[in-house]
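Chemist: I have a structure I would like to understand better, so I am pasting it below and will then ask my questions one at a time.
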Amino acid sequence: MPKFVKRLKDTLTPHIFHTVSQHHSWLTIIGVSFALMSLGFALVLVRLYSRILVLEAAINVLASK
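So for the sequence shown, the working numbering puts the first residue at -10; every next one is plus one.
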């Protein structure tokens, strides 16, 4: 490991651990919020895809007549 990288790691590691321990509850809230928003977005995409499939089936039925 180059000297610069080692010094940078040794300097930043205590600050990172301090920030995480000090703001742990905020980081948890942000993480949970992000997970819930991602889940909601995925559900919206699934609903949209299912509507597209229904429309495609309806168009195919009308086209076959």
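Cβ atoms here follow ideal geometry from the backbone N, Cα and C, with glycine treated the same way.
None of these values were measured; they are calculated from a predicted model.
Pull up the distance between the alpha-carbon of Ala47 and that of Leu37, whole angstroms please.
Modeler: 15 Å
Chemist: Distance, Cα to Cα, Ala24 vs His7?
Modeler: 24 Å
Chemist: What is the DSSP secondary structure of Pro(-9), reduced to helix, strand or coil?
Modeler: Looking at Pro(-9) - three-state DSSP - the assignment turns out to be coil, as it is neither helix nor strand.
Chemist: Can you give the Cα-Cα distance for Ser22 and Asp(-1), rounded to whole angstroms?
Modeler: 32 Å
Chemist: Hey, how far is the Cα of Ile18 from the Cα of Leu32?
Modeler: 21 Å
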